[in-house]
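Number of protein chains: 2
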Amino acid sequence: MAEKVTIATVARHAQVSRQTVSNVLNAPHIVREETRRRVQEAISALGYRANQAARQMRTGRSRLIAVRIEPTRDGINGSVLDRFLHGLTETADAAGYRVMLYTARDDDQEITTYDDLLGAYDLDAFVLTGTKHGDPRTAWLAEREVPFVTFGRPWDALDGHPWVDVDGAAGTAQVTRHLLDAGHHRIAFLGWPAGSGVGDDRCAGWRTTMTAAGHDVAGLRRQSEDGIAEGERELRALLARDAPPTAVVCASDSLALGALQAARDAAAPVAVVGFDDTPVAAAVGLSSVSQPLAAAAARCVDLLTDLLDGQPTDHRVLLTPALVLRHTA
Amino acid sequence: MAEKVTIATVARHAQVSRQTVSNVLNAPHIVREETRRRVQEAISALGYRANQAARQMRTGRSRLIAVRIEPTRDGINGSVLDRFLHGLTETADAAGYRVMLYTARDDDQEITTYDDLLGAYDLDAFVLTGTKHGDPRTAWLAEREVPFVTFGRPWDALDGHPWVDVDGAAGTAQVTRHLLDAGHHRIAFLGWPAGSGVGDDRCAGWRTTMTAAGHDVAGLRRQSEDGIAEGERELRALLARDAPPTAVVCASDSLALGALQAARDAAAPVAVVGFDDTPVAAAVGLSSVSQPLAAAAARCVDLLTDLLDGQPTDHRVLLTPALVLRHTA
DNA sequence: CATCGGAGTTGGAACGTTCAAGGCGGCGAG
DNA sequence: CTCGCCGCCTTGAACGTTCCAACTCCGATG
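Protein chains in written order, with this note's numbering: chain A, 1 to 329; chain B, 330 to 658.
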């Protein structure tokens, strides 16, 4: 193994000064064509690679972005974030950034970790996922002027940070329209308790579409925590009514999976559609709403690079999900 | 925002020299008790955090480990690596290391990325997953004396690097024994084509247990690529025989899920057990073999820290998976 | 002809840390 | 009393990069 190749090695080899090599790398336009070529040749001949640590110490920029990886929770929904992470790593790589992971049990600990990471590694930016009402994390970061992007829109109108999100309402609206077109009128919605931005958004798509089509939604909405057992219980409750629904739109694949169990025992067939298009949905043939996670990740990186380069861009990106039809609807 | 707190700030504040502060951090035993306390107080009072970039430039160690994140493939099996990644991040955090992600399309590109990462970020170590026969990656790393650990044992006897793995044979053996105890004799195995270390290992557990119990395995083994459709097809083929199996052990949850479909249409009930205990298995009530992924990740980090600290330890760790019984067996 | 200006290049300094070498007391041995 | 040693601490240098100020050409301008 040869000794380390530094900028000085390249400079000697190309018969120029260190700074000229640095210029070739960081500001090629100010170097004369012929010199640049000579330096480039030396670089590839020696296999030189800029040392990020040294660069970072001087510039304060690390070309590193941090993403939180959630402690393994519900295995079904967890996969959504994982797929997002895959996309993020790929796009970041392409843009010359690396992704660093961290974990945190709660918001407080996450904020402590921000401090740690910023102090120790001079991170360029953060990507947050799963925003909620009154999120303390965005406030903390904004106050310190740390660049960040959230995957998930800010649910409090006042926050002005850049974000990327998927239009949940558009997704459930699309589902509801599809079910209406298929002849259903009594279409129920299984969702989470009001107050979560994501849940309310997904419910809204169903509600407005139903109302616009002239259908009454009274009694057709059930709320519960997320989970398979909960989904089954809630759909059973709906099916026990006088005029039971013939189709049900769910806020998650977990709920939909439970609903599917209940639907199996029902007198009449019940169409079921989930949300997130998790691998489970594909496996059991559940129709579901698919989020464009790779695209969302790519847009996050776009926003970040623009932010870090000081280029002002459109700060809000709302993507439309796609309905994936399988056996259940 | 206050200006940067460096080791010099702390030194001034505690009335000592830079080096003494550095010693408190890196070699506390050589500093007098009282001085150490004073420095510690200054550190927490000022909220000082060591700058990793500067430390790295001097020491060549970055406290960063790299892990490959696979391009999203089969959504079902992908979750295994994701769960491993979660565990790895948590344990690494606890040990003072951070996890950096990278992607690669194939082995060649992965090796190029090693070079990039080592040159640019001075990574301390790599964690590789999914080892296979004649893996070029381990050879490359070993040749350059880059510390690394694999999750997955080396399938070529000659490789002497540290590894952590889960004993697949023990898993399928446990399943087979359970099925035998439940009164089955014609127990089939659905696996992958011979030649993959992992697949052969899982098959071996079934075969030896069957043979030891005095049962003939002839014609009870089917091979195919991984997938739900494949699993269904292979079990159907088995069920069409004269004396069809009454139970089937699968090399993956994907295959098991397919088998489950075929089993539903069978004349007699067929017990099905999968492998990996993915979220899908939990969702549909499929019995499966659960890998202790968090433990595996923790042992990987243990091995790495020992390796980096120059402490020789046991280089081979084989963990035993657990059978999770649900409805299907 | 002197001066200016700009393009291209150069050498010194700095980023924050750790390493190597050395200073300074005090204590025990000669 | 002196010397050497040890424990504790300090100072200067170095890691590899980029910023800054300055320098050298060389042609254009007054």
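Note that the Cβ used here is the ideal one computed from N, Cα and C, for glycine as well.
Could you list which residues in chain B have their beta carbon closer than 8 Å to that of Gln-56 of chain A, in chain order? Reading the first sequence from its first residue, position 56 is the one you call residue 56 of chain A. Ala-382, listed in chain order.
Are the beta-carbon atoms belonging to Leu-375 of chain B and Thr-338 of chain B less than 8 Å from one another? Counting from 1 along the second sequence, the entry for residue 375 of chain B is found at position 46. Counting from 1 along the second sequence, the entry for residue 338 of chain B is found at position 9. Contact: yes.
Output the distance between the C-alpha atoms of Pro-244 of chain A and Ser-287 of chain A, rounded to the nearest integer angstrom. As a working note, residue 244 of chain A is residue 244 in the first sequence. As a working note, residue 287 of chain A is residue 287 in the first sequence. Distance between the alpha carbons of Pro-244 of chain A and Ser-287 of chain A is about 21 Å.
Listed from N- to C-terminal order along the chain, which residues in the stretch 256-284 of chain A have their beta-carbon within a distance smaller than 8 Å of any beta-carbon of chain B? Leu-257, Thr-278, Pro-279, Val-280, Ala-282, Ala-283 and Val-284
Quick one: what's got a C-beta closer than 7 Å to Gly-389 of chain B's C-beta in the same chain, skipping five residues either side? One-based indexing of the second sequence puts residue 389 of chain B at position 60. Asp-451, listed in sequence order.
Quick one: list the residues of chain B neighbouring Leu-85 of chain A, beta-carbon separation under 9 Å, in chain order. For the purposes of this step, residue 85 of chain A is taken as residue 85 along the first sequence, with counting starting at 1. Chain B residues near Leu-85 of chain A: Ile-398, Asp-411, Leu-414 and Leu-430.
Mind the definition here: the stretch 445-465 of chain B touches the stretch 483-492 of chain B only if three or more C-beta pairs lie below 8 Å; say whether that holds. yes
Range of the contiguous beta strand (DSSP E) that encloses Val-273 of chain A: For the purposes of this step, residue 273 of chain A is identified with residue 273 of the first sequence, where counting begins at 1. Element bounds for Val-273 of chain A: 271-275.
Using the three-state DSSP reduction, which class does Ser-619 of chain B fall into: helix, strand or coil? Walking along the second sequence from the start, residue 619 of chain B turns up at place 290. Ser-619 of chain B falls in the strand class under three-state DSSP.
For the stretch 300-309 of chain A against the stretch 624-640 of chain B, do three or more pairs of beta-carbon atoms, one drawn from each stretch, fall closer than 8 Å, so that the two count as touching? no
Helix, strand or coil at Leu-430 of chain B [DSSP, three-state]: Start at 1 with the first residue of the second sequence, and residue 430 of chain B comes out as number 101. Note: Leu-430 of chain B maps to strand in three-state DSSP.
By how many angstroms is the C-alpha of Val-67 of chain A removed from the C-alpha of Glu-90 of chain A? Position 90 of the first sequence, counting from 1, holds the residue named residue 90 of chain A. Position 67 of the first sequence, counting from 1, holds the residue named residue 67 of chain A. If you take the alpha carbons of Glu-90 of chain A and Val-67 of chain A, they lie about 13 Å apart.
Gly-448 of chain B touches chain A at which residues, Cβ-Cβ below 7 Å? Counting from 1 along the second sequence, the entry for residue 448 of chain B is found at position 119. Arg-49, listed in chain order.
On the CB-based measure, 16 or more other CB atoms within 10 Å of its CB, does Ala-597 of chain B come out buried or exposed? Within the second sequence, numbered from 1, the residue matching residue 597 of chain B stands at position 268. It is exposed - the Cβ of Ala-597 of chain B has fewer than 16 other Cβ atoms within 10 Å.
Would you list, in sequence order, the uninterrupted beta strand (DSSP E) runs of no fewer than 3 residues that lie entirely inside the stretch 415-498 of chain B? 427-431, 454-458, 477-480 and 492-495
Reduced DSSP category for Val-80 of chain A - H, G, I as helix; E, B as strand; rest coil: By one-based count along the first sequence, residue 80 of chain A stands at place 80. Three-state result, Val-80 of chain A: helix.
Under DSSP, the alpha helix (DSSP H) around Val-396 of chain B begins and ends at which residues? One-based indexing of the second sequence puts residue 396 of chain B at position 67. Note, Val-396 of chain B: premise wrong, no alpha helix (DSSP H); beta strand (DSSP E) at 393-397.
Note down, in chain order, every chain B residue with its Cβ under 9 Å from the Cβ of Ile-228 of chain A. Residue mapping note: residue 228 of chain A aligns to position 228 of the first sequence, counting from 1. Correct list: Ala-611 and Ala-612.
Cβ-based burial, Arg-55 of chain A [other Cβ within 10 Å; buried from 16]: Here the question's residue 55 of chain A lines up with position 55 in the first sequence. That one is buried.
Looking at chain B, is there any beta carbon in it that lies within less than 8 Å of the beta carbon of Ser-288 of chain A? Numbered from 1 along the first sequence, position 288 holds the residue referred to as residue 288 of chain A. By this cut-off, Ser-288 of chain A is not an interface position.
Min CB distance Arg-236 of chain A to chain B below 8 Å: In the first sequence, residue 236 of chain A corresponds to position 236, counting from 1. So no, Arg-236 of chain A is outside the interface.
Residues near Arg-427 of chain B in its chain [Cβ-Cβ closer than 7 Å; skip 5 each side]: Against the second sequence, residue 427 of chain B aligns to sequence position 98. So the qualifying residues of the chain are Arg-392, Leu-393 and Ala-421.
Would you list, in chain order, the members of the stretch 114-141 of chain A that have their beta-carbon closer than 9 Å to a beta-carbon of chain B? Asp-115, Asp-116, Leu-117, Leu-118, Gly-119, Ala-120, Tyr-121 and Asp-122
With a cut-off of 8 Å, does the C-beta of Asp-93 of chain A fall near any C-beta of chain B? Position 93 of the first sequence, counting from 1, holds the residue named residue 93 of chain A. Asp-93 of chain A counts as touching chain B.
Considering only C-alpha positions, which residue in the set B:Ala-542, B:Val-495, B:Tyr-377 and B:Cys-579 is nearest to Arg-506 of chain B? As a working mapping, residue 506 of chain B is identified with position 177 in the second sequence. The residue with the shortest Cα to Cα distance from Arg-506 of chain B is B:Ala-542.
For Val-280 of chain A, the first and last residue of its enclosing alpha helix (DSSP H): Locating residue 280 of chain A in the first sequence gives position 280, where the first residue counts as 1. Here the alpha helix (DSSP H) through Val-280 of chain A covers 279-284.
Taking Val-39 of chain A as part of the alpha helix (DSSP H), name the residues at either end of that continuous run. In the first sequence, the residue the question calls residue 39 of chain A occupies position 39. Note, Val-39 of chain A: alpha helix (DSSP H), 33-46.
Secondary structure of Ala-382 of chain B, DSSP reduced to three states: Your numbering for residue 382 of chain B matches position 53 in the second sequence. Three-state DSSP puts Ala-382 of chain B in a helix.
State yes or no: is the C-beta of Gly-168 of chain A within less than 8 Å of the C-beta of Val-217 of chain A? By one-based count along the first sequence, residue 168 of chain A stands at place 168. By one-based count along the first sequence, residue 217 of chain A stands at place 217. No, they are not a contact pair.
In the DSSP assignment, what residue or residues form a beta bridge with Val-5 of chain A? The sequence position of residue 5 of chain A within the first sequence is 5, counting from 1. Answer is none; Val-5 of chain A lacks a bridge partner.
Against chain A, does Arg-341 of chain B count as a neighbour if the rule is that its beta carbon must be under 8 Å from one of theirs? Stepping through the second sequence from its first residue, residue 341 of chain B is reached at position 12. Chain A contact via Cβ: absent.
Can you confirm whether Met-1 of chain A, when its beta carbon is compared against all beta carbons of chain B, has any partner nearer than 8 Å? As a position in the first sequence, residue 1 of chain A is number 1, starting the count at 1. A caution first: Met-1 of chain A carries a pLDDT of 46, below 50, which makes its placement in the model unreliable, though a value can still be read off. For Met-1 of chain A, the answer is yes, since a Cβ of chain B falls inside 8 Å of its Cβ.
Under the rule that 16 or more other beta-carbon atoms within 10 Å means buried, what is Gln-344 of chain B, buried or exposed? To locate residue 344 of chain B, count along the second sequence from 1; it is residue 15. Gln-344 of chain B is exposed by the Cβ-count criterion.
Between Arg-98 of chain A and chain B, is any beta-carbon pair separated by less than 8 Å? The residue given as residue 98 of chain A occupies position 98 in the first sequence. By this cut-off, Arg-98 of chain A is an interface position.
Would you kindly report the start and end of the unbroken beta strand (DSSP E) that includes Ile-187 of chain A? Here residue 187 of chain A refers to the residue found at position 187 when the first sequence is read from its first residue. Run containing Ile-187 of chain A: 187-191, per the beta strand (DSSP E) assignment.
Quick one: any contact between the stretch 248-257 of chain A and the stretch 185-204 of chain A, if contact means 3 or more CB pairs under 8 Å? yes
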